[in-house]
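Okay, so here's the structure we're looking at.
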Amino acid sequence: MKKKITLSILFIMAISLSAAFGAIGQWNTGDPYIPCYNYQDNYTYPATAINPGQIISFDVPSCPPSKTIRIGGPEEEAKNSPTYEYECSLSSDQGCCIGGGFFAFCVSDHNNIININVTTYDAEGNQLESWGLFSSDSCVLRPVMINGRRTTRFEVHNQGRTPATFTTYLDYACCYDCRKKVGLPTTILYPKVDIENFAVAGGTTVIKDGKLLTNLALSPGTQQTFVQIENRGMFTQNDTRAKFEGLPEGVTVSITPETQKLKAKKIGTYSATFTVGPNVPSGKYQVTLVAYSEKGVFDKITFDFIVP
Numbered sequence: 007m008k009k010k011i012t013l014s015i016l017f018i019m020a021i022s023l024s025a026a027f028g029a030i031g032q033w034n035t036g037d038p039y040i041p042c043y044n045y046q047d048n049y050t051y052p053a054t055a056i057n058p059g060q061i062i063s064f065d066v067p068s069c070p071p072s073k074t075i076r077i078g079g080p081e082e083e084a085k086n087s088p089t090y091e092y093e094c095s096l097s098s099d100q101g102c103c104i105g106g107g108f109f110a111f112c113v114s115d116h117n118n119i120i121n122i123n124v125t126t127y128d129a130e131g132n133q134l135e136s137w138g139l140f141s142s143d144s145c146v147l148r149p150v151m152i153n154g155r156r157t158t159r160f161e162v163h164n165q166g167r168t169p170a171t172f173t174t175y176l177d178y179a180c181c182y183d184c185r186k187k188v189g190l191p192t193t194i195l196y197p198k199v200d201i202e203n204f205a206v207a208g209g210t211t212v213i214k215d216g217k218l219l220t221n222l223a224l225s226p227g228t229q230q231t232f233v234q235i236e237n238r239g240m241f242t243q244n245d246t247r248a249k250f251e252g253l254p255e256g257v258t259v260s261i262t263p264e265t266q267k268l269k270a271k272k273i274g275t276y277s278a279t280f281t282v283g284p285n286v287p288s289g290k291y292q293v294t295l296v297a298y299s300e301k302g303v304f305d306k307i308t309f310d311f312i313v314p
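Numbering-wise, the sequence shown is residues 7 to 314 according to my numbering.
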């Protein structure tokens, strides 16, 4: 509990620090061109045990060179405002985003005296900074961007005499220059039909209340998940479906029922059973959950699909 409280405080500090930089690249909903759009992403590294004298290296996920991003108004208005699809490419200046993101590095051993050193590096292998942790059951918050250079790798060195267990939480920004796709906003074509929830049966909730919470990690085998789509409008939708786009080769998903009729203000639940083949390469994949009908798309949410 103490670690969770500490981590929450650290991320509140991170948000406050980001706000202090001010709003860079002001834009309005529906602008044809949005420079330096701040696309936020996050990643949780698995809890790792490190022995005395051991050094472990971790890579920082890179920003995809291009993305299709749905951009609307402020978060509190997004549910009731039109959203537009933009074709986005990485900005040449990745320092133009607010803050650039933060690491939260947490040690969870309660009784050991620790001596942990963490060192970060950029893409050229240059050391950016190094810091130590000496207090158990604690977290340290550090920026991803240092003097205009982005962290791409970090090393953890246990310089103490006892093993330690740590977890790293990463919240980072990718800066994109975005051009609006030609066409009507999705919420005008299909008003108020949204992806509501996506969760593993008895496990991780990936999407809740239409908001992306975390990634989906599946090992080889079969796993049942559930998708919920909500008709928030005033009219019945006679054909409402769900599908996943961008799954890696060797991963299949079976969704039942194939389609549902959703009355106004009702939620439809779909069972989605994933099968991950034994030869699927480990890695992080961009997968999109799509709510749609035969006439067009209702809603899309892209998440990280991880095969350990």
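Note that the Cβ used here is the ideal one computed from N, Cα and C, for glycine as well.
Kindly indicate the opening and closing residues of the beta strand (DSSP E) around residue i.
{"i": "Gln229", "result": "227 to 237"}
{"i": "Gln46", "result": "39 to 50"}
{"i": "Glu202", "result": "199 to 206"}
{"i": "Thr275", "result": "272 to 282"}
{"i": "Trp137", "result": "133 to 139"}
{"i": "Thr308", "result": "302 to 313"}
{"i": "Phe64", "result": "61 to 65"}
{"i": "Leu253", "result": "Careful: Leu253 lies outside any beta strand (DSSP E) and carries neither H nor E."}
{"i": "Thr126", "result": "122 to 127"}
{"i": "Lys214", "result": "211 to 214"}
{"i": "Gln266", "result": "266 to 268"}
{"i": "Leu96", "result": "90 to 96"}
{"i": "Lys73", "result": "72 to 77"}
{"i": "Ser144", "result": "144 to 149"}
{"i": "Ser185", "result": "It should be pointed out that residue 185 corresponds to Arg in this sequence rather than to Ser. That run of the beta strand (DSSP E) goes 170 to 186."}
{"i": "Gly36", "result": "Counting along the chain, Gly36 falls outside any beta strand (DSSP E), and DSSP gives it neither H nor E."}
{"i": "Leu295", "result": "289 to 299"}
{"i": "Cys69", "result": "Premise fails: Cys69 is in no beta strand (DSSP E) and is neither H nor E."}
{"i": "Glu161", "result": "159 to 164"}
{"i": "Thr54", "result": "54 to 56"}
{"i": "Cys112", "result": "107 to 113"}
Rounded to whole angstroms, what's the CA-CA distance from residue i to residue j? Just pull it up for me.
{"i": "Glu81", "j": "Lys217", "result": "Bear in mind that the predicted position of Glu81 carries a pLDDT of just 47, short of 50, making it unreliable; the figure below should be weighed with that in mind. Cα to Cα, the separation comes out at about 10 Å."}
{"i": "Phe204", "j": "Thr231", "result": "7 Å"}
{"i": "Pro314", "j": "Asn285", "result": "12 Å"}
{"i": "Tyr92", "j": "Thr125", "result": "37 Å"}
{"i": "Lys267", "j": "Gly274", "result": "8 Å"}
{"i": "Ser288", "j": "Pro226", "result": "10 Å"}
{"i": "Asn132", "j": "Pro58", "result": "25 Å"}
{"i": "Val282", "j": "Ile312", "result": "11 Å"}
{"i": "Pro73", "j": "Cys102", "result": "According to the sequence displayed, residue 73 carries Lys and not Pro. Distance between the alpha carbons of Lys73 and Cys102 is about 18 Å."}
{"i": "Leu134", "j": "Val150", "result": "10 Å"}
{"i": "Thr242", "j": "Ala129", "result": "52 Å"}
{"i": "Glu300", "j": "Pro263", "result": "15 Å"}
{"i": "Leu147", "j": "Phe109", "result": "6 Å"}
{"i": "Tyr175", "j": "Asn44", "result": "19 Å"}
{"i": "Thr35", "j": "Val199", "result": "20 Å"}
{"i": "Ile56", "j": "Ser63", "result": "11 Å"}
{"i": "Cys94", "j": "Asn221", "result": "21 Å"}
{"i": "Pro67", "j": "Arg238", "result": "36 Å"}
{"i": "Ser136", "j": "Ser144", "result": "17 Å"}
{"i": "Cys42", "j": "Ser260", "result": "38 Å"}
{"i": "Ile21", "j": "Gln229", "result": "Low confidence applies to Ile21: its pLDDT is 43, below 50, so where it sits in the model is not reliable enough to give any reading."}
{"i": "Ala84", "j": "Ile77", "result": "Bear in mind that a pLDDT of 43 at Ala84, under 50, signals an unreliable position, so the number given afterwards is only what the model happens to contain. Each residue's Cα considered, the two are about 9 Å apart."}
{"i": "Pro38", "j": "Cys184", "result": "8 Å"}
{"i": "Ile122", "j": "Leu139", "result": "5 Å"}
{"i": "Phe172", "j": "Lys271", "result": "44 Å"}
{"i": "Ala170", "j": "Trp33", "result": "46 Å"}
{"i": "Asp245", "j": "Gly154", "result": "49 Å"}
{"i": "Ser24", "j": "Asn48", "result": "Its pLDDT being 40, under 50, Ser24 is placed unreliably by the model, and the measurement read from it follows with that caveat. If I take the Cα positions, the gap works out to 15 Å."}
{"i": "Cys180", "j": "His163", "result": "28 Å"}
{"i": "Thr265", "j": "Gly209", "result": "25 Å"}
{"i": "Asp60", "j": "Ser114", "result": "The amino acid occupying residue 60 in the given sequence is Gln; Asp does not appear at that position. The straight-line gap from Cα to Cα measures roughly 17 Å."}
{"i": "Leu96", "j": "Leu295", "result": "23 Å"}
{"i": "Tyr127", "j": "Phe111", "result": "16 Å"}
{"i": "Phe309", "j": "Gly252", "result": "10 Å"}
{"i": "Lys269", "j": "Tyr90", "result": "25 Å"}
{"i": "Asp99", "j": "Asp215", "result": "34 Å"}
{"i": "Cys69", "j": "Ile75", "result": "13 Å"}
{"i": "Met240", "j": "Lys187", "result": "28 Å"}
{"i": "Ile40", "j": "Pro71", "result": "16 Å"}
{"i": "Val233", "j": "Phe280", "result": "12 Å"}
Measuring CB to CB, does residue i end up less than 7 Å from residue j?
{"i": "Gly107", "j": "Tyr178", "result": "yes"}
{"i": "Gly166", "j": "Ile120", "result": "yes"}
{"i": "Thr211", "j": "Leu224", "result": "no"}
{"i": "Phe250", "j": "Val206", "result": "no"}
{"i": "Ile4", "j": "Ala278", "result": "There is no way to answer for residue 4, as the model of the chain reaches only from 7 to 314."}
{"i": "Ala248", "j": "Tyr276", "result": "yes"}
Would residue i pass as an interface residue toward chain C - the criterion being a Cβ-Cβ separation below 7 Å?
{"i": "Ala297", "result": "The question asks about chain C, but that chain is absent: this structure has only one protein chain."}
**Prompt:** Is the region 41 to 52 touching the region 151 to 164, taking contact as three or more C-beta pairs under 8 Å?
**Reply:** no
**Item:** Stretch pair the region 296 to 306 + the region 253 to 261: three plus CB contacts closer than 8 Å
**Value:** no
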